[in-house]
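Some notes on the structure that comes next.
In full-length UniProt numbering, the protein residues as written are 1 to 762.
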């Protein structure tokens, strides 16, 4: 495709369907990888490069993984099968240390002669397929392959040897088309392209200033490198382009918001009646230095006549709720209202209770015994009864409720506010930007926005994912908390498991509470043990769970623990005889959820078996134990959030991660990381190192593939910062990108509404 003067894509060589460029058969195979046009194909860059002469480490291959390996044939032999008719060719390839079997079957030996000829001992080639295990040896069954240097003619042999002397691109591939066929297809379509055929989103002045090649040159470098320096140069250029396009879109969003008018909500003058001043005077504890500093930032933002757009992130238990409440009270003092949007009814109800408790008489404005200049806190959720819903809507519309807490129900068209001045969004990763904007647009003017997240985010992730927001961070934990000790408990060790329940009993006998978290609700879900079946069962619950199983080894896994069965088991466990055990999960009716939390908080049921609905926001000071079953099926950040539910009072907390993960596996690495440090920001960095960027920024959050193809938010930190600087300068000079049509087109093409993972679901 090319770009016209208005910055829109028009048909061109990059928009040509692959069926015209390559033929129907090849195009159909590439279509299974989502590649439909020439532009799609040239943007499908190699995932790595094999060096000529350096063979793939075969011992590192994971069972169940689809691989392309560079290896040398050690032997190949053909035999007739004894158990059934037909013949088998068994070849062994090696990297000099490890080995991999190649197995081919046919009705007769004649059907295998071609493979036997090609797979002569000593030859080197690329082999692709899915790794499986047979009799303890890893193998590829009917792999596709390309052998170098075959005697197919002088020209062909010389060309093959020349290709083999260059870095070998290894592409993301599939069973329908191996890596080398993708490479041949790219060579076919890339050769005829000219500079005018490939629009470049990077302005010429920027390219010259940063010594970057054109986009076409970069594509040739990554697909057809003559040396390692070529593909490294091309990838650097394409990574910068990816960061620059993303940061330009975010800079445009920041600029658009900054141009909108907002009602200033300044602090009340000292000495005048003030909800905020009265609240501060009644606080039974001292604010941390971080809470005070962030509070001053928010106060300045709210006093401005342009919308505040700020992200408040903080360590578990760092006191974000108090900081957000002080901002809400400043807005109410200034005559406005605040709305707090929570992702679940359990969390919304918890927030409403917490705010009312913190405010005391200040939350009883207009009621007998309430403060003279107090306000009210209304709760609006989808499951409210008709009378309660009508009252909540009336309190919001009339302004009687200065603070309205709710779930997605707040976004309904019938919900109106007298003067909405501040929108607080808790756990932003559960909401889309459209939802955030829909709520803040309910006022006559754009409301100020404060986004909160309890998941610590490395700076570069925040810059990439929340790039339209200014960021404030709380790192201190309020004084008086004793912290949490974390241990991994091997599920296969009966003595350790028994000791787990004894520790729960000891804490209960001391007057404390214990959470027990299981990954699914019903024990009769169809989960015979396979990874796909278990993932499907988890998806059927309404709880958010990062299902991060290891590569499937083809064996059966024990079924995931379920809340309903765990409740029965604990009630029959000798160590817990006589201890009331409660239950909480997302499928319970709202009244039952409320009752379960109230009984747990009061101590009537000191042990609560739950799904991850208790992951965030739930605050019971007496809770000191968190037991997580099948802990290896959760991500680091989620386990850290669960751990943060205990040790919130003066008594120390204990987190026990029960798992059958073997030492040395990625799953065990996550658990060991949790046990080694309480620092959420350090854990977030380790989490990002252990997981693919797509898990963090793409599919696991949005259900789509990641929009980051080459960019790595940890290793490319400096590049992201440079791209942000350049993008901000471009948008300041030309907010609508009228003089940068290729850049505007790249944003429209790559970051259309269906692909804005970084904006829709951070």
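Cβ atoms here follow ideal geometry from the backbone N, Cα and C, with glycine treated the same way. Note that the structure is a prediction, hence the values are computed from the model and not measured.
Residue environment, residue 96, which counts as buried when at least 16 other CB atoms sit within 10 Å: Indexing the chain shown from 1 puts residue 96 at position 96. Exposed: under 16 other Cβ atoms inside 10 Å.
Nearest candidate by alpha-carbon position, reference residue 777, set 175, 740, 744 and 750: Outside the displayed span of the chain (1 to 762) sits residue 777, for which this structure offers no information.
At least three beta-carbon pairs within less than 8 Å, the segment 42-62 to the segment 171-183: yes
Short Cβ contact (8 Å threshold) for residue 745 with residue 243: For the purposes of this step, residue 745 is identified with residue 745 of the chain shown, where counting begins at 1. For the purposes of this step, residue 243 is identified with residue 243 of the chain shown, where counting begins at 1. Result no, Cβ atoms of residue 745 and residue 243 do not sit closer than 8 Å.
C-alpha gap between residue 449 and residue 748, whole angstroms: By 1-based counting over the chain shown, the position of residue 449 is 449. By 1-based counting over the chain shown, the position of residue 748 is 748. Approximately 26 Å, taken between the alpha carbons.
Limits of the alpha helix (DSSP H) - the one that residue 170 falls within: Locating residue 170 in the chain shown gives position 170, where the first residue counts as 1. Counting along the chain, residue 170 falls outside any alpha helix (DSSP H), though it belongs to the beta strand (DSSP E) covering 168-170.
Minimum C-alpha distance to residue 287 - residue among 30, 129, 322 and 364: Position 287 of the chain shown, counting from 1, holds the residue named residue 287. Here the closest residue by C-alpha is 322.
Residue 16 versus residue 22: straight-line alpha-carbon distance, rounded: Looking up residue 16 in the chain shown gives position 16. Looking up residue 22 in the chain shown gives position 22. When rounded, the distance between both Cα atoms is 10 Å.
Own chain residues within Cβ distance below 7 Å of residue 439, not counting five before or after: Within the chain shown, numbered from 1, the residue matching residue 439 stands at position 439. The answer, listed in chain order, is 339, 341, 410, 411 and 423.
Other residues of its chain near residue 19: CB distance less than 7 Å, five sequence neighbours each side excluded: Position 19 of the chain shown, counted from the start, is the residue given in the question as residue 19. If we look at residue 19 and ignore the five residues flanking it on each side, its Cβ neighbours are 27.
Nearest-angstrom beta carbon gap, residue 63 and residue 131 [assumed within contact, 8 Å]: By one-based count along the chain shown, residue 131 stands at place 131. By one-based count along the chain shown, residue 63 stands at place 63. Indeed, because the Cβ distance is near 5 Å, the residues count as touching under 8 Å.
Runs of alpha helix (DSSP H) wholly within the segment 290-324 (minimum 4 residues, chain order): none
Cβ contact (3+ pairs, closer than 8 Å) linking the segment 277-292 and the segment 486-499: no
As assigned by DSSP and simplified to three states, the class of residue 681: Taking the chain shown and counting its residues from 1, one reaches residue 681 at position 681. In the structure shown, residue 681 sits in a helix (DSSP, three-state: H, G or I).
Residue 656 vs residue 489 beta-carbon contact at 8 Å: Counting from 1 along the chain shown, the entry for residue 656 is found at position 656. Counting from 1 along the chain shown, the entry for residue 489 is found at position 489. The answer is yes: Cβ separation under 8 Å.
Proximity of residue 469 and residue 290 at Cβ, strictly below 8 Å: Position 469 of the chain shown, counted from the start, is the residue given in the question as residue 469. Position 290 of the chain shown, counted from the start, is the residue given in the question as residue 290. No.
Close beta carbons around residue 742, own chain, < 7 Å, minus the five adjacent residues each side: Translated into positions along the chain shown, residue 742 becomes position 742. Around residue 742: 3, 199, 200 and 201.
Start-to-end residues for the beta strand (DSSP E) that takes in residue 486: Sequence index remark: in the chain shown, residue 486 carries index 486 (1-based). Per DSSP, residue 486 belongs to the beta strand (DSSP E) from 484-490.
Exposure of residue 577, with buried meaning 16 or more beta-carbon neighbours within 10 Å: In the chain shown, counting from the first residue as 1, residue 577 sits at position 577. Residue 577 is exposed by the Cβ-count criterion.
Beta-carbon proximity list for residue 230, same chain, < 7 Å, skipping 5 on both sides: Locating residue 230 in the chain shown gives position 230, counting from the first residue. Only 221 meet the Cβ criterion.
Inter-stretch contact at 8 Å, needing at least 3 Cβ pairs: the segment 507-514 / the segment 327-338: no
With 16 other Cβ atoms within 10 Å as the buried cut-off, status of residue 732: Locating residue 732 in the chain shown gives position 732, where the first residue counts as 1. Counting Cβ neighbours within 10 Å, residue 732 comes out exposed, since fewer than 16 surround it.
N- and C-terminal bounds of the beta strand (DSSP E) containing residue 640: As a working mapping, residue 640 is identified with position 640 in the chain shown. From DSSP, residue 640 is part of no beta strand (DSSP E) but of the alpha helix (DSSP H) over 636-643.
Proximity of residue 687 and residue 659 at Cβ, strictly below 8 Å: Stepping through the chain shown from its first residue, residue 687 is reached at position 687. Stepping through the chain shown from its first residue, residue 659 is reached at position 659. Going by C-beta atoms, residue 687 is not nearer than 8 Å to residue 659.
Residues that DSSP places opposite residue 472 in a beta bridge: Locating residue 472 in the chain shown gives position 472, where the first residue counts as 1. 312.
Continuous beta strand (DSSP E) stretch holding residue 610: start and end: Taking the first residue of the chain shown as 1, we reach residue 610 at position 610. It spans 607-610 - the beta strand (DSSP E) in which residue 610 sits, taken as one unbroken run.
Alpha carbon of residue 358 to alpha carbon of residue 365, nearest angstrom: Translated into the one-based positions of the chain shown, residue 358 becomes position 358. Translated into the one-based positions of the chain shown, residue 365 becomes position 365. Their Cα atoms are separated by approximately 14 Å.
Residue 313 to residue 426 span [Cα, whole Å]: One-based indexing of the chain shown puts residue 313 at position 313. One-based indexing of the chain shown puts residue 426 at position 426. In a straight line, the C-alpha of residue 313 is about 10 Å away from that of residue 426.
Cutoff 8 Å; reference residue 500; Cβ partners in own chain excluding five residues on either side: Locating residue 500 in the chain shown gives position 500, counting from the first residue. 489, 627, 656 and 658, listed in sequence order.
Under the three-state DSSP convention, the category residue 148 falls into: The sequence position of residue 148 within the chain shown is 148, counting from 1. Coil.
Same chain, Cβ closer than 6 Å to residue 624, neighbours up to 5 away in sequence not counted: Locating residue 624 in the chain shown gives position 624, counting from the first residue. Around residue 624: 507, 512, 646, 651 and 653.
Residue 95 in three-state terms, based on DSSP: One-based indexing of the chain shown puts residue 95 at position 95. Residue 95 falls in the coil class under three-state DSSP.
First through last residue of the beta strand (DSSP E) which encompasses residue 709: Looking up residue 709 in the chain shown gives position 709. Segment: none, residue 709 is in no beta strand (DSSP E) and carries neither H nor E.
Range covered by the beta strand (DSSP E) that runs through residue 126: As a first step, residue 126 must be located in the chain shown, where it is residue number 126. Taken as a continuous stretch (DSSP letters only), the beta strand (DSSP E) holding residue 126 covers 124-134.
Cβ neighbour criterion (16 or more within 10 Å) applied to residue 519: As a first step, residue 519 is located in the chain shown; it is residue number 519 there, counting from the start. It is buried - the Cβ of residue 519 has at least 16 other Cβ atoms within 10 Å.
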